[in-house]
Amino acid sequence: MTTPRRRARHLVRRWWPVALAVPLGAAAGAGYAVVSHPSYAASAYVLVVPQNPGEAATATNFAQAYGRLAGQPQVLAVAAAETGHTRAELESLVHGTTSPDAPMIEITGTGTRPQEAAQTADAVARSLVSFANTSSRDTSVRLVTLAPAAEPDKPTTPSATLDVAVGGAAGLLVGALVMMTRRRGEAALPEAAEPAEAAGAPVEPTTPATPRPRGEEPPAADQAGKTGQAEETEKAEKAEKAEEKPGKAAAAKKSAEEPPAKEKAAAGSGR
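Residue numbers for the sequence shown follow our numbering, so the first one is 1482 and each next one is one higher.
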């Protein structure tokens, strides 16, 4: 097999969780964008005008305060009767935003239809203007509607591009976690196999040989070995002696039965 093919197979084995999870995550994000209900947003702008010239800083400070009141019950109660929503629903559909440099309040309303979003933002803006102008003598500022809300052309959510990107990022994260888990499992397998092999193999203790000083008695194991060798040698000698004894006895018996050579010679001469 050629080297490029080996590299390709290695890359596939290593990175297949990421390669599989990213497209699946992107497909899931696209599916969510198709299935989810659209949401539209529209914004109305309210301007804080000082009654006395040269009090622009005061108007900016009051804009910050009235921007926080845009989502309060005393303002939403009138707008709820106009839009047909409950006060709790308007709290989740409307929010106010202010600028630290300009005496202006942005009131953003959301809805499932463009007309609904614009009507909600305009209703809350009118309610805020009416509520603030009741105390204009004390605050020395007045609120006026600078620009009514316009119906949006496209929904703010869902966004197909954003949902696909989020789904792909989620798939990348999941794939990376799976790949890390597989690596840890593969690294743990050799470590688990080594103790198993070591447990099955016999273990022979090894003791280092140390020089023995002169005059010191040999270890008990050496003495036992020497004693065993001496006993074996003694047994072998006894066995040889036992084999030699029958031969010697037979020779002695034969010599006893036969007369000596001198006696034979004398007997021959006498005849």
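Virtual Cβ for every residue (Gly too), placed ideally from N, Cα, C.
As the structure is a prediction and not an experimental result, all values here were calculated from the model.
Can the beta-carbon of P1504 be found less than 8 Å from the beta-carbon of T1593?
-> Between P1504 and T1593, the C-beta gap is not smaller than 8 Å, which leaves the two residues out of contact.
Those residues which DSSP pairs with E1587 across a bridge | Residue pairing for E1587: DSSP places it in a beta bridge opposite Y1526 and T1578.
Apart from the five residues just before and just after G1548, which ones in its own chain have a Cβ nearer than 7 Å to its Cβ?
-> Excluding residues within five positions, the ones whose Cβ falls inside 7 Å are G1577, T1578, T1579 and I1586.
For S1617, three-class secondary structure by DSSP = Looking at S1617 - three-state DSSP - the assignment turns out to be helix.
Buried/exposed call for V1515, threshold 16 Cβ in 10 Å = When all chains shown are included, V1515 counts as exposed.
What residues are listed by DSSP as bridge partners for G1592?
-> Its beta-bridge partners are Y1521.
Tell whether a beta-carbon distance below 8 Å holds between S1608 and V1556.
-> In contact: S1608 and V1556 (Cβ atoms closer than 8 Å).
Is the beta carbon of L1624 less than 8 Å from the beta carbon of V1529?
-> Closer than 8 Å, so yes.
Decide if G1512 is buried, meaning its Cβ has at least 16 other Cβ atoms within 10 Å, or exposed.
-> By the C-beta density criterion, G1512 is exposed, having fewer than 16 other C-beta atoms within 10 angstroms.
Close beta carbons around Q1532, own chain, < 8 Å, minus the five adjacent residues each side | Taken in chain order, the residues that qualify are S1617, S1621, V1622 and R1623.
Under a three-way DSSP split, which group does T1637 fall into?
-> Under the three-state reduction of DSSP, T1637 is assigned to coil, being neither helix nor strand.
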